[in-house]
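>
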Amino acid sequence: MKVFLDLIVGDPQADRAVPPTGMTAQLTVFVAGVMAFLAVLALALSLAAGRVADRWAEELAQASTLRLPASPDQADAQLRAAMNVLETTPGVAMARALTPAEQQALLEPWFGPDLPLDSLPIPQLVEIIADSDGYDQAGLAARLAAEVPGAVLDDHTRWRAPLVAAAGRLRLMGWVVIVAIGAGMAAMITLAAHAALAANEQVIRVLRLVGARDIYIARAFVRRFTLRAGGGAVAGAVLGVGAVLLLPRGDVAGGFLTGLGFAGAGWIGPLVIPPLAAIVAFFATRAAALRRLREQT
Amino acid sequence: MIELDNVSYGYGDHTLFSQLSLVLAPGSFHFLTGPSGAGKTTLLRLCYADLRAATGQVRLFGQDAAELDRDGVAMTRRRIGVVHQDCQFLDHLSISENIALPLTVAGRGAEATGDLEELLHWVGLGAQAAQRPPELSGGERQRAALARAVIMSPEVIIADEPTGNVDWEMSQRLLTLLVELNRMGKTVLIATHDMMMIRSLKSDVNARVLRLKDGALMQAGAEL
Ligand SMILES: Nc1ncnc2c1ncn2[C@@H]1O[C@H](COP(=O)(O)OP(=O)(O)O)[C@@H](O)[C@H]1O
Ligand SMILES: [Mg+2]
């Protein structure tokens, strides 16, 4: 920490020992800005994917659906038998038959609002919410098969599992991208630092001749690159957050695409990106400078 | 202070000198003469650890120069003030900043202010303090180089052709400054091919004159 404080407070005299290098300075700021911008977007993507994965994995895991065969004459008896089974099943927290209005709402996107539900043989749906321990899936299915022939228990695993997996992958990919951005920035800064050191070879020789230690010379470069990378990253991160905020917002249940954004602890992410960029620049420049100075006589 | 013991050095295959020995005792004053290209600059660079002897031993303040690490070299150079043949300034800094540079890089920049004023006047550059090195004349630059060489109050002062591109009067002034430093107890080594200058100074200072020629170092006497 003290190293970074010294770096920010600095020694203005020492700083002047190395002449300002216009081109590499601007490029470093620019690269850090672009990288931070991309990192914020990748972070938003990763966080959103993570939220979706968690929601699908946890919330939906507790919900399943029972579908009763569409036989109008036995509908009431089947529903009673099914509810009976469900109510006596350990692990089932709640079982509730969907009302005709709810069933109509489910079908509306496909058939429009005027569907005469009563006159059609529509299967009755029962929503089942498991308690935290869950219930014995196979046992319940077997009992239902005996009591209510033709009933289908759907725990959503079939369609949920690949989606949860995909969202999980997406989250992982977001992190991989962020790490790759960090590594790319380290490489770019290393190149820029080498260019700056090469351009200042004569300056470095004079500094060595008057008794400067390598660490003193390295520090002059490290300080510059750290401040530039940090400054560029602040600008990039601000623009990145702006871009994320400009994306269309939806309600929380609105799904993945409208769920991009930062919430709560997620805001820490864009805040730590600039300091992280500065830390990456610090170590990349320091390593480049000390190595190069050792090679120079 | 500085001892060369059976030292040899050459660039590539070409050996400049071998079996060369030299002792600079504390408070001594040496001239190093010899034709251009004899290896005077090379010999001086060995003395401030800018070059490493191919064979033999260079001892700086009792330490084997070959065993100094990079920080050790830096620390040793703080005890040796050098006037380089080509001055070696930082052109983006002012003359006063250049003169104070050894203090700055040693982390003692704050100490510069008082001494610096005095030093600038001592070398007659009070008016040029804020100018950049390229704006100065050759003689002014060499005086600035001398000021930079002494600002750390080093024990040894090495000057490589300090009167290279200045007129007679200025070279007398510069040498007077070096003699003054020697009277203050500093060890002085000056490389020059200017015999006239040496003759003019012989009476002022108890100096030894060494001659480097054809790879050998000899005590000069007869030709003076
Ligand atoms: N860095 C170098 N690389 C190759 N040859 C050099 C180098 N420096 C000096 N020389 C050669 O070594 C010889 C001695 O040079 P130098 O020590 O500068 O002599 P002096 O200072 O006596 O004029 C010269 O022939 C010069 O060309
Ligand atoms: Mg020379």
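In order, the protein sequence lines correspond to chains A and B. In terms of my numbering, the first sequence has 1184 at position 95, counting the first letter as 1, and numbering is strictly consecutive. In terms of my numbering, the second sequence has 208 at position 196, counting the first letter as 1, and numbering is strictly consecutive. Glycine residues also receive a C-beta, built at the ideal position from the N, C-alpha and C atoms.
1. How would the residue list near ligand 1 read, in chain order, if you kept each one whose beta-carbon is closer than 5 Å to any heavy atom?
2. Report the residues of the segment 1266-1291 of chain A with a CB closer than 7 Å to any CB of chain B, ordered along the chain.
3. When the Cα atoms are used, what is the spatial distance from arginine 1200 of chain A to alanine 1186 of chain A?
4. Return the first residue and the last residue of the alpha helix (DSSP H) that alanine 1377 of chain A is part of.
5. Go to aspartate 172 of chain B, then tell me how far its beta strand (DSSP E) extends in each direction, as first and last residue.
6. Can you pull the chain A neighbours of histidine 104 of chain B, defined as C-beta to C-beta under 7 Å?
7. If distances are taken between C-alpha atoms only, which option among B/Arg89, B/His133, B/Met209 comes closest to valine 117 of chain B?
8. Specify the secondary structure class of aspartate 226 of chain B as computed by DSSP and reduced to three states.
9. Cβ of aspartate 172 of chain B within 7 Å of any heavy atom in ligand 2?
10. Kindly indicate which three-state DSSP category glutamate 13 of chain B falls into: helix, strand or coil?
11. Once the 5 residues before and after arginine 160 of chain B are set aside, which same chain residues still bring their CB inside 7 Å of it?
12. So the candidates are A/Glu1176, A/Leu1349, A/Arg1375, A/Leu1286; which of them puts its Cα closest to the Cα of arginine 1140 of chain A?
13. Could you tell me whether the Cβ of valine 1299 of chain A comes closer than 8 Å to any Cβ of chain B?
14. Do valine 200 of chain B and threonine 45 of chain B have their C-beta atoms closer together than 8 Å?
15. Please report whether the beta-carbon of leucine 1130 of chain A lies at a distance below 8 Å from any beta-carbon of chain B.
16. I want to check one thing, is the minimum distance from the CB of glutamine 97 of chain B to the heavy atoms of ligand 2 below 7 Å?
17. Whole angstroms are fine: how far does the CA of serine 20 of chain B sit from the CA of threonine 27 of chain B?
18. With a Cβ-Cβ cutoff of 8 Å, do threonine 1229 of chain A and threonine 1177 of chain A count as a contact?
19. In whole angstroms, what separates the C-alpha of leucine 1233 of chain A from that of arginine 1249 of chain A?
20. On the CB-based measure, 16 or more other CB atoms within 10 Å of its CB, does isoleucine 1218 of chain A come out buried or exposed?
21. Cα separation between alanine 1366 of chain A and isoleucine 1267 of chain A?
22. Which chain B residues are close to arginine 1383 of chain A, counting only those with a beta carbon under 9 Å from its beta carbon?
23. Thinking just about the alpha-carbon of each residue, which of B/Gly22, B/Met13, B/Val35 is nearest to the one in methionine 230 of chain B?
24. Report the partner residues of tyrosine 23 of chain B according to the DSSP bridge assignment.
25. Determine which residues share a DSSP beta bridge with aspartate 76 of chain B and list them.
26. Around the C-beta of asparagine 1395 of chain A, are 16 or more other C-beta atoms found within 10 angstroms, so that it is buried, or is it exposed?
27. Determine which residues of the segment 1303-1329 of chain A have a Cβ less than 9 Å from any Cβ of chain B, and write them out in chain order.
28. Using only alpha-carbon positions, find the residue among B/Leu16, B/Tyr23, B/Asn18, B/Ser30 that is nearest to aspartate 226 of chain B.
29. Measure the C-alpha to C-alpha separation of methionine 209 of chain B and proline 145 of chain B and round it to an integer number of angstroms.
30. Please classify leucine 55 of chain B as buried or exposed, where buried requires at least 16 other C-beta atoms within 10 Å of its C-beta.
31. The alpha helix (DSSP H) spanning valine 200 of chain B covers which residue range?
32. Cα separation between glycine 1358 of chain A and leucine 1132 of chain A?
33. Out of curiosity, what's the CA-to-CA distance linking arginine 82 of chain B and arginine 1383 of chain A?
In short, the structure shows the following:
1. This selection yields B/Tyr23, B/Ser48, B/Gly49, B/Ala50, B/Gly51, B/Lys52, B/Thr53, B/Thr54.
2. Listed in chain order, the positions of the segment 1266-1291 of chain A with a beta carbon within less than 7 Å of a beta carbon of chain B would be empty, since no residue qualifies.
3. Residue identity check: residue 1200 of chain A is phenylalanine in the sequence provided, not arginine. Whole-angstrom Cα-Cα distance: 21 Å.
4. 1357-1384
5. 168-172
6. Pro1108
7. B/Arg89
8. coil
9. yes
10. The residue asked about is misnamed: residue 13 of chain B is methionine in this sequence, not glutamate. DSSP places methionine 13 of chain B in coil when its eight states are reduced to three.
11. Asn110, Ile111, Leu113, Pro114
12. A/Leu1349
13. yes
14. no
15. Chain B contact via Cβ: absent.
16. yes
17. If I take the Cα positions, the gap works out to 7 Å.
18. It is worth fixing the name first, because residue 1229 of chain A is leucine in this sequence and not threonine. No; because the gap between Cβ atoms is not below 8 Å, this pair is not in contact.
19. Those two C-alpha atoms are separated by around 23 Å.
20. exposed
21. Spanning the alpha carbons of alanine 1366 of chain A and isoleucine 1267 of chain A requires a straight line of approximately 11 Å.
22. Arg82
23. Checking every option, the nearest Cα to that of methionine 230 of chain B belongs to B/Val35.
24. Within the DSSP bridge table, the entry for tyrosine 23 of chain B names B/His26 as partners.
25. B/Arg71
26. This structure gives no information on residue 1395 of chain A, because the portion of chain A shown stretches from 1090 to 1386.
27. Asp1303, Ile1304, Tyr1305, Ile1306
28. Considering only alpha carbons, the answer is B/Ser30.
29. 26 Å
30. buried
31. No alpha helix (DSSP H) contains valine 200 of chain B, which is instead part of the beta strand (DSSP E) from 199-203.
32. 7 Å
33. 8 Å
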